[in-house]
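For reference, the structure discussed in these notes is given below.
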Amino acid sequence: MTEPHYAIVWPSGRSVFTELPVRERAPDLNGKTIGFLWDWFFRGDELWSVVKQELSRRFTGLRFVDHEVFGNTHGRDEHAVLDALAERLRANGVDAVISGIGA
Amino acid sequence: MRASLKAEQAGVRSVSVVTTAFMAHAQAAARGLGIRTSAIAEYPGVIPTESPADFDRKIRTLLVERIIDGFAAPMEAIERPPEPAPRDIVFRGDYEAVQEHCLRELWSDGLPVTPPTLAAVERFLRYTDRDPAEVLGVLLPETRQATVWNVAVNGAMAGCRPEYMPVLIAVVEAICEPGFHIEHGGSTPGWEPIILLNGPIIGQLDFNHGQGVTRVGRQANSSVGRFLRLYMRNVAGLRVAPGTGDKATFGLMFNAVLAEDEAAARAIAWPTHAMERGFAEGENVVEVRSMHGVAPINFTEGSTAEPHLSVIADKAQRFLCDWTAPCIYMGGFHHLLVLSPAIAEVLARNGMTKAGLRDYLYRNARVGAARAKAYLVDKVEVDYHDLVRRGLLSPDFALSDDPDRLIPVLLNREGIGVVVAGDPGRNQSRWYAGLHIMGAPTSRRIRLPANWEALRREPGFGGPLLNSAAAS
Numbered sequence: 244m245t246e247p248h249y250a251i252v253w254p255s256g257r258s259v260f261t262e263l264p265v266r267e268r269a270p271d272l273n274g275k276t277i278g279f280l281w282d283w284f285f286r287g288d289e290l291w292s293v294v295k296q297e298l299s300r301r302f303t304g305l306r307f308v309d310h311e312v313f314g315n316t317h318g319r320d321e322h323a324v325l326d327a328l329a330e331r332l333r334a335n336g337v338d339a340v341i342s343g344i345g346a
Numbered sequence: 017m018r019a020s021l022k023a024e025q026a027g028v029r030s031v032s033v034v035t036t037a038f039m040a041h042a043q044a045a046a047r048g049l050g051i052r053t054s055a056i057a058e059y060p061g062v063i064p065t066e067s068p069a070d071f072d073r074k075i076r077t078l079l080v081e082r083i084i085d086g087f088a089a090p091m092e093a094i095e096r097p098p099e100p101a102p103r104d105i106v107f108r109g110d111y112e113a114v115q116e117h118c119l120r121e122l123w124s125d126g127l128p129v130t131p132p133t134l135a136a137v138e139r140f141l142r143y144t145d146r147d148p149a150e151v152l153g154v155l156l157p158e159t160r161q162a163t164v165w166n167v168a169v170n171g172a173m174a175g176c177r178p179e180y181m182p183v184l185i186a187v188v189e190a191i192c193e194p195g196f197h198i199e200h201g202g203s204t205p206g207w208e209p210i211i212l213l214n215g216p217i218i219g220q221l222d223f224n225h226g227q228g229v230t231r232v233g234r235q236a237n238s239s240v241g242r243f244l245r246l247y248m249r250n251v252a253g254l255r256v257a258p259g260t261g262d263k264a265t266f267g268l269m270f271n272a273v274l275a276e277d278e279a280a281a282r283a284i285a286w287p288t289h290a291m292e293r294g295f296a297e298g299e300n301v302v303e304v305r306s307m308h309g310v311a312p313i314n315f316t317e318g319s320t321a322e323p324h325l326s327v328i329a330d331k332a333q334r335f336l337c338d339w340t341a342p343c344i345y346m347g348g349f350h351h352l353l354v355l356s357p358a359i360a361e362v363l364a365r366n367g368m369t370k371a372g373l374r375d376y377l378y379r380n381a382r383v384g385a386a387r388a389k390a391y392l393v394d395k396v397e398v399d400y401h402d403l404v405r406r407g408l409l410s411p412d413f414a415l416s417d418d419p420d421r422l423i424p425v426l427l428n429r430e431g432i433g434v435v436v437a438g439d440p441g442r443n444q445s446r447w448y449a450g451l452h453i454m455g456a457p458t459s460r461r462i463r464l465p466a467n468w469e470a471l472r473r474e475p476g477f478g479g480p481l482l483n484s485a486a487a488s
């Protein structure tokens with residue numbers, strides 16, 4: 244006796260993410276303003292302190308904007324913090340951000 | 017990653033710091049958000065258990081270089097593999113071959129799936145008058161469309177009966193709501209959604225609300241519960257290894273649907289759970305909420321209310337106190353108490369309403385203020401007085417500055433869900449711990465097709481055990 248055969252369809256859904264525009268990367272951080280976005284977990288404040296020291300040894304003229312300026316990216320106010328982020332980045336002249344900690 | 021996305025959308029370059037164990041997860045999340053995966057810098061290790069010396073060394077010698085590389089790396093294009101159209105046949109084979117294929121493609125939850133053929137899907141579509149192409153929402157982390165069609169596909173795969181389709185659609189609508197926070201569906205506490213069900217549909221589709229209500233065994237409760245986890249895997253993209261997206265440290269088995277014993281609630285003049293959520297009596301409603309732990313059973317006895325109440329409050333105090341401060345921190349709270357009809361009846365007989373029960377539990381389940389904060393991890397902090405001043409917490413949490421003062425374990429009365437279900441012949445109740453804002457309780461009205469009553473009269477509707485003597 245032959246087994247029945249099945250022709251099946253795809254169980255997932257159409258991917259609808261928006262691809263971000265291609266932009267210049269930043270190999271040269273000299274003179275740049277770097278912000279830190281933090282979720283208040285995993286010793287991110289200690290990590291940021293060391294990162295700032297090391298980046299300052301490698302590049303000149305750096306300016307840093309600490310995480311308190313932006314707010315907690317994971318807590319009760321996550322959505323509000325992220326909604327306000329663009330404006331806070333602009334207001335503080337941030338050129339690049341380090342975001343963490345995924346762990 | 018969501019913060020990085022916002023920065024990138026604002027035209028600011030970003031690099032995300034992620035530990036080794038989360039790299040695959042982060043790369044999957046990044047792809048789902050349209051972020052180049054080169055913008056992820058790996059910290060090699062487990063930060064919470066790292067010695068200060070190793071932590072410092074790894075940052076200075078490894079992480080900083082990776083951060084710099086992340087800023088300097090060329091912007092590679094995000095691969096978009098071709099996707100089948102809904103009705104495309106993606107595989108042909110016998111039953112065994114279909115199972116192997118679904119396992120390989122990570123479309124399976126590890127259990128055999130019913131092959132989702134076009135005929136199987138069409139059978140589900142008979143039980144809705146909504147367009148199969150209708151988009152119910154978009155689910156993170158993979159940013160994929162939830163549609164009526166793929167609800168039917170996954171319903172078939174999960175072993176649901178086609179007539180469950182209106183329930184399945186409502187469940188997916190619920191998890192698509194922003195307030196449900198599906199984006200946290202892969203978080204490490206490994207919460208599992210549980211579906212609460214109210215309305216005449218319980219009896220119409222033979223959902224169990226009595227003895228063994230949340231045990232697998234009744235087709236409706238079991239398969240609809242399985243459907244939700246399968247859907248979260250296949251459409252939201254929440255998969256444990258060898259997949260990505262789900263970083264549950266341990267995880268939980270999918271939950272069978274918890275249907276309320278509405279007759280028992282009516283008999284004691286208690287509102288049903290859906291009525292307390294603002295729906296009219298007799299409406300068909302699903303609610304989806306997270307749970308990340310079940311307390312041991314409360315065995316209580318006595319013909320007055322107090323012996324039952326004191327034990328239930330004590331269990332809340334002992335089982336839920338470590339989540340008081342995290343819930344305050346995250347700004348959300350929803351624990352669920354399930355009472356067997358016998359317990360609900362004795363409470364009601366002694367004048368207790370659901371609201372009165374909540375009030376008793378809120379006032380009597382207590383924990384020391386400082387002790388509650390001891391359960392917070394890392395740099396997370398809770399300032400009770402500040403939150404009270406901002407109107408985000410009841411003044412009951414800041415009646416003094418004494419760190420040993422007692423504060424409520426349960427943040428407020430409204431967040432205590434009460435459902436009557438389970439064996440009516442047993443004197444038991446049970447707490448389910450919800451996970452703050454993650455999987456916040458989200459209710460949806462179930463929309464039935466116009467011809468629902470005609471469909472109900474068709475042979476076989478509801479299954480072979482519908483209205484059987486075995487049903488409780």
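Protein chains in written order, with our numbering: chain R, 244 to 346; chain E, 17 to 488. Using N, Cα and C, we set each Cβ at its ideal position, and we do this for glycine too.
Identification of residues in the region 67-85 of chain E having a C-beta nearer than 8 Å to some C-beta of chain R yields Phe71, Asp72, Ile75, Arg76, Leu79, Val80, Ile83 and Ile84, given in sequence order. Annotation for E/Gly433: Leu352 place their beta carbon closer than 6 Å to its own, counting only its chain and skipping 5 residues before and after. At least one CB atom of chain R sits nearer than 8 Å to the CB of E/Lys22.
For E/Asp402, the uninterrupted alpha helix (DSSP H) run begins and ends at Tyr400 to Arg405, by DSSP.
Contact fails between the region 146-160 of chain E and the region 224-237 of chain E, because fewer than three Cβ pairs, one in each stretch, are under 8 Å apart. Within chain E, the residues whose beta carbon sits less than 8 Å from that of R/Arg268 are Arg29, Phe87, Ala88, Ala89, Pro90 and Met91, listed in sequence order.
Within its own chain, the residues whose Cβ lies closer than 7 Å to the Cβ of E/Val114, once the five positions on either side in sequence are excluded, are Phe107 and Pro131, listed in chain order. In the structure shown, E/Trp207 adopts coil according to DSSP, grouped into three states. Scanning its chain for C-beta atoms nearer than 8 Å, with the 5 sequence neighbours on each side dropped, one finds around R/Arg286 the residues Ile344, in chain order. Judged by DSSP in its simplified three-state form, R/Trp291 adopts helix.
Counting of Cβ neighbours within 10 angstroms places E/Ile105 among the exposed residues, the total staying below 16. Judged by DSSP in its simplified three-state form, E/Asn170 adopts helix.
Pairing E/Arg421 with E/Ala386, the inter-Cα distance amounts to about 8 Å. Contiguous alpha helix (DSSP H) elements confined to the region 22-51 of chain E occur at 39-49, taking only those with 4 or more residues. If you check each beta-carbon in the region 135-168 of chain E against every beta-carbon of chain R, the ones closer than 9 Å belong to Ala136, Val137, Val151, Val154, Leu155, Glu158, Thr159, Arg160, Gln161, Ala162, Thr163, Trp165 and Asn166.
Listed as beta-bridge partners of E/Asn214 by DSSP are E/Val301. When DSSP states are grouped into helix, strand and coil, E/Asp72 belongs to the helix group. In this structure, the CA atom of E/Gly455 is about 8 Å from the CA atom of E/Ile191.
Of all residues in the region 269-286 of chain E, none has a C-beta nearer than 7 Å to a C-beta of chain R. Our two residues, E/Arg96 and E/Arg249, have alpha carbons roughly 19 Å apart in a direct line. Counting only the Cα atoms, E/Glu116 lies some 10 Å from E/Gly126.
Pairing E/Arg76 with R/Val293, the inter-Cα distance amounts to about 7 Å. Below the 8 Å Cβ cutoff, chain E contributes no neighbours of R/Gly304, its closest Cβ being approximately 16 Å away. At a cut-off of 8 Å between beta-carbon atoms, E/Tyr345 makes contact with chain R.
Against chain R, the beta carbon of E/Asn250 has neighbours under 7 Å at Pro254 and Ser255, listed in chain order. Closest in C-alpha terms to R/Arg306, from the list R/Ile277, R/Gln296, R/Val312 and R/Asp320, comes R/Ile277.
Taking C-beta atoms as the reference points, R/Trp281 and R/His322 fail to come closer than 8 Å.
Between E/Glu179 and E/Leu152, the C-beta spacing is not below 8 Å. Interface criterion not met: the Cβ of R/Ser299 is under 8 Å from no Cβ in chain E. Beta-bridge partners assigned by DSSP to E/Thr163: E/Val151. Counting along the chain, the unbroken alpha helix (DSSP H) around E/Glu322 starts and ends at Glu322 to Leu336. The alpha-carbon separation between E/Asp110 and E/Gly438 amounts to approximately 40 Å. Taking all protein chains in view, the Cβ of E/Arg47 is crowded by 16 or more other Cβ atoms within 10 Å, so the residue is classified as buried. Here E/Thr316 is not near E/Val425, since their CB atoms are 8 Å or more apart. One alpha carbon belongs to E/Gly431, the other to E/Ala449, and they sit about 11 Å apart. Interface with chain E (8 Å Cβ-Cβ cutoff): R/Asp309 is excluded.
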